[in-house]
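All remarks here apply to the structure that follows.
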Amino acid sequence: MCLLKVLFVLVTVAAACAGVCNGGVTSPFVRKSQPSTCMPIDTFPPPPGYNAPEQVHITQGDLDGKSMIISWVTPLEREPNYVIFWEANSNNKHKVYSRITSYRYYNYDSGYIHHATIKGLKHDTLYNYQLGTGDAVRRFSFTTPPKVGPDVPYTFGVIGDLGQTYDSNQTFEHYYSNPKGQAVLFAGDLSYADDHPYHNNNRWDSWGRFVEKSMAYQPWIWTAGNHEIDFAPELGESVPFKPYMHRYHVPYKASKSTSPLWYSY
Ligand SMILES: *[C@@H]1O[C@H](CO)[C@@H](O)[C@H](O)[C@H]1NC(C)=O
459 MCLLKVLFVL VTVAAACAGV CNGGVTSPFV RKSQPSTCMP IDTFPPPPGY
509 NAPEQVHITQ GDLDGKSMII SWVTPLEREP NYVIFWEANS NNKHKVYSRI
559 TSYRYYNYDS GYIHHATIKG LKHDTLYNYQ LGTGDAVRRF SFTTPPKVGP
609 DVPYTFGVIG DLGQTYDSNQ TFEHYYSNPK GQAVLFAGDL SYADDHPYHN
659 NNRWDSWGRF VEKSMAYQPW IWTAGNHEID FAPELGESVP FKPYMHRYHV
709 PYKASKSTSP LWYSY
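In this text, residue positions in the sequence shown follow this note's numbering: the first is 459, and each later residue adds one.
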């Protein structure tokens, strides 16, 4: 009886959806039938300058949008290990030091991976930030999200399974060219490095450079997919999610989670 009732409800919901939720054709996009080809690994070269910070990406650093985690890689030296940031309409500069991590995966050694958490930001405000020194200074900016409320507009893009093929580029550029997007909810499967021989982790670096032009300027909200597992005991790599967890930090403690693989806003 009870089961029947549940089934009935499901059928009703499905029927209602068929009528109300039929969006029809919303995009002229038609998926190609042939597999897509990877872009060459040097398609997005490192930025110029000695030890220049690269693969810059940001993500929201707390529950209500007053914090940002700034992440980047310095390829050769640990320092400079800080971010300088300031409100766009002010000259009052602040400095926050990064936590540095690095890892080895099979025959690959990562650069110095930096994560700096900026706190005490104002809502809905444009900030500039600067990484690197000397001839390798790089500047970026981001806008904090508005204060949480019942009727506050904020526009998310939703992307998953991006990878680094020519089709990935098309997907990414399609999002990038739309000025409405303020943040991305990323549904997992970032670089697809694990599809390359020995999970070639240089493909994590090339991916970071590929997506930087969006990710350095607006928060991308991460979650891991199966392509982040990188569990390969045959290569001596039996710690799951190792590259992903070193590279893509998330504010899991803010939602009282005990694991970076689970968090909420
Ligand atoms: C990626 O897409 C952009 C925009 O369409 C294009 O200008 C660029 O040449 C593409 N890059 C590659 C490697 O195909």
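Glycine included, every Cβ here is placed at the ideal spot set by N, Cα and C. What you are looking at is a predicted structure, and each value in this text was computed from that prediction instead of being measured.
At least one heavy atom of ligand 1 sits closer than 8 Å to the Cβ of Glu631. Contact annotation: the stretch 618-630 touches the stretch 481-497, with at least three C-beta pairs closer than 8 Å.
Rounded to whole angstroms, the gap between the alpha carbons of Ser715 and Tyr721 is 6 Å.
Across the set Ser599, Arg562, His552, the C-alpha of His552 shows the shortest separation from the C-alpha of Lys577. Under the three-state reduction of DSSP, Glu545 is assigned to strand. For the stretch 627-689, the continuous beta strand (DSSP E) assignments of 3+ residues that do not extend past its boundaries occur at 641-644, in sequence order. For Arg705, the enclosing alpha helix (DSSP H) begins and ends at 700-705.
For Phe598, the CB contacts under 7 Å within the same chain, skipping 5 residues up- and downstream, are Val514, Tyr587, Ala674, Tyr675 in chain order. Scanning Tyr585, Tyr612, Asn658 for the CA closest to the CA of Ser525 turns up Tyr585.
Of the heavy atoms belonging to ligand 1, none sits nearer than 8 Å to the Cβ of Asn636. The three-state reading of DSSP puts Glu535 in coil, since its state is none of H, G, I, E or B. Beta-bridge partners of Ile528 (DSSP): Ile516, Ala574. Around the beta carbon of Lys700, 16 or more other beta carbons sit within 10 angstroms, so the residue counts as buried.
Of all C-beta pairs linking the stretch 608-619 to the stretch 555-568, fewer than three are shorter than 8 Å, placing the two stretches out of contact.
Only residues of its own chain outside the window of five on either side were considered, and among them Ile687, Asp688, Phe689 have a CB closer than 8 Å to the CB of Pro698, listed in chain order. For Tyr585, the enclosing beta strand (DSSP E) covers residues 584-589. Within the chosen limit of 8 Å, ligand 1 does not reach the beta carbon of Tyr650 with any heavy atom. In this structure Pro533 touches Asn509 by the C-beta definition: roughly 6 Å separates them, less than 8 Å. Look at Lys711 here: in three-state DSSP terms it is helix. In the three-state DSSP reduction, Tyr624 falls in the helix class (H, G or I).
Exclusion of the five residues before and after Arg661 leaves Ser649, Ala651, His654 as the residues of its chain whose Cβ lies within less than 6 Å of its Cβ.
A distance criterion of 8 Å places the beta-carbon of Thr501 in contact range of ligand 1, judged by its closest non-hydrogen atom.
Residue state for Gly615 is assigned as strand, using DSSP reduced to three classes. For the 9 Å CB-CB criterion, Trp678 and Ile516 form a contact.
Distance from the C-beta of Met673 to the nearest heavy atom of ligand 1 is not below 8 Å.
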